[in-house]
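Peer 1: Handing you this structure, nothing more for now.
Residue numbers (this note's numbering): 391 to 682.
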């Protein structure tokens, strides 16, 4: 059962876009687990998390491979009956959420109604439509983007027909990205020339020199220039490090058509420096048939 639910969660995670920044398959033997529970979790290196935990109104119960509790028997949402997740970006980083994906289950007398809310509005507005068995809850709204401080999500449950009825989170994933908000390179390509003209098949055009300028406040290191088409050859990159505040490097592109007709390729400049942009240039050229 656990394996089937995990496969469902993985499939939903793919549909949920983005990469995992915090997840836990919650795999363990039957026992009451601590609050918070952190064993087995995987997190992005640029955030901290508290781990899944319980609100004061519910009581942890023993179960294998799921984080479970009872006490969900309020007739309506009780502010103390929830599972909780807290994520905090490290200094100089921001979180852009994409989705929360989970699988769950309830006993026959367990919780029947659910709500997912966040600390950003004091846990007042519902987010998505959670279900007992699990689903993907979208977090792509502007409210959950560019977060540079802690956010806590609470998963509420109620409507159990008995105090001993249980509800469990079997596994969960927060998808999104964690990116630097600090200084970074800002790269641009000049000139704006995109048409390299025409040439007979097999004959190179005159090489065109392009300049990469870094107007950012951090040097760009590990610079590469790549062509998407073999007919547009990049060569002569003058430096793989471009200083900040106006530093430059140059490269040349030569167009050698392999067949007659319109040809094209994209040139991409990239840097391994965190936060750097990757400017592109769409190049075109025309191959002409060789006259016998």
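Beta carbons: idealized from backbone N, C-alpha and C, even for Gly.
Measuring CA to CA, which of 533, 526, 500 and 502 is closest to residue 515?
Peer 2: For the residues 533, 526, 500 and 502, the minimum Cα distance to residue 515 belongs to 533.
Peer 1: Can the beta-carbon of residue 598 be found closer than 8 Å to that of residue 650?
Peer 2: No, these two residues do not count as a Cβ contact at 8 Å.
Peer 1: DSSP three-state label for residue 513, please.
Peer 2: Looking at residue 513 - three-state DSSP - the assignment turns out to be coil, as it is neither helix nor strand.
Peer 1: How big is the Cα-Cα spacing for residue 672 and residue 454?
Peer 2: Rounded to whole angstroms, residue 672 to residue 454 spans 55 Å at the Cα level.
Peer 1: Output the distance between the C-alpha atoms of residue 681 and residue 409, rounded to the nearest integer angstrom.
Peer 2: Between residue 681 and residue 409, the C-alpha separation is close to 54 Å.
Peer 1: Measure the C-alpha to C-alpha separation of residue 676 and residue 610 and round it to an integer number of angstroms.
Peer 2: Roughly 34 Å between the two C-alpha positions.
Peer 1: Where do the ends of the beta strand (DSSP E) carrying residue 602 lie?
Peer 2: Note, residue 602: beta strand (DSSP E), 598-604.
Peer 1: With C-beta atoms as the reference, is residue 471 less than 8 Å away from residue 449?
Peer 2: No, these two residues do not count as a Cβ contact at 8 Å.
Peer 1: DSSP three-state label for residue 532, please.
Peer 2: Helix at residue 532.
Peer 1: Just checking my contact of residue 419 with residue 497 at CB under 8 Å: how many whole Å lie between their CB atoms?
Peer 2: Wrong, their Cβ atoms sit about 19 Å apart, outside the cutoff.
Peer 1: Mapping the DSSP letters down to three states, classify residue 456 as helix, strand or coil.
Peer 2: Reduced to three states, the DSSP call for residue 456 is coil.
Peer 1: Tell whether a beta-carbon distance below 8 Å holds between residue 499 and residue 551.
Peer 2: It is a contact, given that the beta carbons lie within the stated cut-off.
Peer 1: Anyone know if the C-beta pair for residue 615 and residue 659 falls short of 8 Å?
Peer 2: Yes, the Cβ-Cβ distance between residue 615 and residue 659 is below 8 Å.
Peer 1: In chain order, what residues of the same chain lie with their CB nearer than 6 Å to the CB of residue 433, ignoring the 5 residues before and after it?
Peer 2: The answer, listed in chain order, is 412 and 439.
Peer 1: CB-CB under 6 Å to residue 564, same chain, minus the five flanking residues each way: which ones, in chain order?
Peer 2: Here the set comprises 411, 412 and 490.
Peer 1: Tell me where the beta strand (DSSP E) around residue 472 begins and ends.
Peer 2: Looking at the DSSP string, the run of the beta strand (DSSP E) that includes residue 472 is 472-479.
Peer 1: Evaluate residue 639 with the Cβ neighbour count: other Cβ atoms within 10 Å of its Cβ, from every protein chain shown; 16 or more gives buried, anything less gives exposed.
Peer 2: Burial call: buried.
Peer 1: Buried or exposed for residue 581, going by 16 or more other Cβ atoms inside 10 Å?
Peer 2: Counting Cβ neighbours within 10 Å, residue 581 comes out exposed, since fewer than 16 surround it.
Peer 1: How big is the Cα-Cα spacing for residue 549 and residue 509?
Peer 2: Residue 549 and residue 509: Cα-Cα distance of roughly 23 Å.
Peer 1: How is the beta strand (DSSP E) around residue 579 delimited, first residue to last?
Peer 2: Residues 577-580.
Peer 1: Scan the stretch 540-570 and note each continuous beta strand (DSSP E) run of 3 residues or more that stays entirely inside, going in chain order.
Peer 2: You should have 541-548 and 556-570.
Peer 1: Would you check if the distance between the CB atom of residue 625 and the CB atom of residue 641 is smaller than 8 Å?
Peer 2: Yes, they are a contact pair.
Peer 1: Rounded C-beta distance between residue 678 and residue 588? I'm assuming under 8 Å.
Peer 2: Sure, about 5 Å apart at Cβ, within 8 Å.
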